[in-house]
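When you line the sequence shown up against numbering that gives the first Met the number 0, it's residues 0 to 223, in that order.
Okay, structure first, notes after.
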Amino acid sequence: MKLFSTLAVKKAFDDVLLAEFTGRTGIAVDGVYDPTTQLMARIRAGERPDVMIAVTSAFDELNGAAVLDLSTKTAIAKTGVGLAVPPGARLPDVTTLDAFKQALLDARSVAYSRTGASGIYFARLIEELGIAEKVNARATVIDKGFIAHAVVDGRADVAIQQLSELRFVPDARIAGPFPAEVQHYSEFSAVAATAENGEAAAFLAFLTSDEARRAYERTGLELP
Numbered sequence: 000m001k002l003f004s005t006l007a008v009k010k011a012f013d014d015v016l017l018a019e020f021t022g023r024t025g026i027a028v029d030g031v032y033d034p035t036t037q038l039m040a041r042i043r044a045g046e047r048p049d050v051m052i053a054v055t056s057a058f059d060e061l062n063g064a065a066v067l068d069l070s071t072k073t074a075i076a077k078t079g080v081g082l083a084v085p086p087g088a089r090l091p092d093v094t095t096l097d098a099f100k101q102a103l104l105d106a107r108s109v110a111y112s113r114t115g116a117s118g119i120y121f122a123r124l125i126e127e128l129g130i131a132e133k134v135n136a137r138a139t140v141i142d143k144g145f146i147a148h149a150v151v152d153g154r155a156d157v158a159i160q161q162l163s164e165l166r167f168v169p170d171a172r173i174a175g176p177f178p179a180e181v182q183h184y185s186e187f188s189a190v191a192a193t194a195e196n197g198e199a200a201a202f203l204a205f206l207t208s209d210e211a212r213r214a215y216e217r218t219g220l221e222l223p
């Protein structure tokens, strides 16, 4: 079975869920993991997965297109955005908006994604906060992937990404989520190409099982 999936759930899938699903059903899952914007680009280019997991709102652009069966759309998890710093670094205070802004301004370089949902939101947020020029003057802007690698290898000393994606880089230290007043949650849903695909239907059912929920929670995701 071919899976297109957002990076946000990859740790839960790699650590637990894909092996457990295959062990129970005998169905092998071939996963492609990319930011939602790039998964949508693959769809527009003609690629067709059996199941796709992406930011729920992104499926709106497929409405009316005979690509995925949106009647199968199943919300599975959500996550907020957070900050990570290098191993051994002091954790900055990000509990208030003023402290959060100061942490960004004090950073030698802030790393964020050019294409991921968290990076797109962050770029807009720093504009709204009036600090975009200063932050971007020394930012490490990354096309895609797990942004916390940039604080581990020394390119930056703050990484911005969804909390579940930051956890994929265990050497990085998570400073915390964004302050509540500027927090941004992304919900993720799974959609099958066709409702008649029995393997896809079994996979979607498994993704809302108690075991799946526990795996999401262990890897920085919340229930929708």
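Every residue, glycine too, gets a C-beta built ideally from N, C-alpha and C.
Since the model is a prediction, treat every value here as computed from it, not as a measurement.
Proximity of A116 and T139 at Cβ, strictly below 8 Å: No; because the gap between Cβ atoms is not below 8 Å, this pair is not in contact.
Considering only residues of the same chain and omitting the five flanking positions on each side of A0, which have a CB-CB separation below 6 Å? One detail in the question is off: residue 0 reads as Met in this sequence, not Ala. Answer for M0: I26, V28, D49 and E198, listed in chain order.
With DSSP as the reference, label A106 as helix, strand or coil. DSSP places A106 outside both helix and strand once states are collapsed to three, so it counts as coil.
Based on Cα-Cα distance, which residue from S188, R213 and A200 lies nearest to S4? Checking every option, the nearest Cα to that of S4 belongs to S188.
By DSSP's criteria, G278 is part of a beta bridge. Which residues make up the other side? Here the chain covers residues 0 to 223 and nothing more, so residue 278 does not appear.
Leaving out five residues on either side along the sequence, give the residues of the same chain with a beta carbon under 8 Å from the beta carbon of A102. Cβ neighbours of A102 beyond the five flanking positions: L82, P91, D92, V93, V157 and A174.
Three-state class that DSSP yields for G30 in the structure shown: The three-state secondary structure of G30, taken from DSSP, is strand.
For D97 and I42, what's the separation of their Cα atoms in angstroms? In this structure, the alpha-carbon of D97 lies about 41 Å from that of I42.
Could you tell me the boundaries of the beta strand (DSSP E) in which L2 lies? For L2, the enclosing beta strand (DSSP E) starts and ends at K1 to S4.
With a threshold of 6 Å on Cβ separation, who are the neighbours of L6 within its own chain once the five nearest residues in sequence on each side are excluded? So the list reads Y32 and E164, once near-sequence residues are dropped.
Whether or not the stretch 65-79 and the stretch 190-205 are in contact is what I'm after, with contact meaning three or more pairs of Cβ atoms, one per stretch, closer than 8 Å; do they touch? In short, these stretches touch, since the Cβ pair count reaches three.
Using the Cβ count rule (16 or more neighbours within 10 Å means buried), how would you classify G144? Classification of G144: buried, given that the 10 Å Cβ count is 16 or more.
By the 10 Å Cβ neighbour count, where 16 or more other Cβ atoms means buried, how is T21 classified, buried or exposed? The residue is exposed, with fewer than 16 neighbouring Cβ atoms inside 10 Å.
Taking the continuous beta strand (DSSP E) assigned at E186, which residues delimit it? For E186, the uninterrupted beta strand (DSSP E) run begins and ends at S185 to A191, by DSSP.
Which residue from R212, L61, A76 and Y111 puts its Cα closest to that of A149? The candidate whose alpha carbon is nearest that of A149 is Y111.
Using the beta-carbon count (16 or more within 10 Å), is G129 buried or exposed? Residue burial annotation: G129 is exposed, with fewer than 16 other C-beta atoms found within 10 angstroms of its C-beta.
What is the residue span of the alpha helix (DSSP H) that T36 lies within? Run containing T36: T35 to R43, per the alpha helix (DSSP H) assignment.
Do A171 and P85 have their C-beta atoms closer together than 8 Å? A171 is a Cβ neighbour of P85, given a cutoff of 8 Å.
Out of curiosity, what's the CA-to-CA distance linking I75 and V151? Rounded to whole angstroms, I75 to V151 spans 30 Å at the Cα level.
Proximity below 8 Å, CB of L17 to CB of A214: The Cβ-Cβ distance between L17 and A214 does not fall below 8 Å.
Rounded to whole angstroms, how far is the Cβ of T78 from the Cβ of Q161, which I believe are closer than 8 Å? Between Q161 and T78 the Cβ distance is about 5 Å, and since that is below 8 Å, they are a contact.
In or out: P34 buried (at least 16 other Cβ within 10 Å) or exposed? Per the 10 Å Cβ criterion, buried.
E195 versus L222: straight-line alpha-carbon distance, rounded: Going from the Cα of E195 to the Cα of L222 covers about 27 Å.
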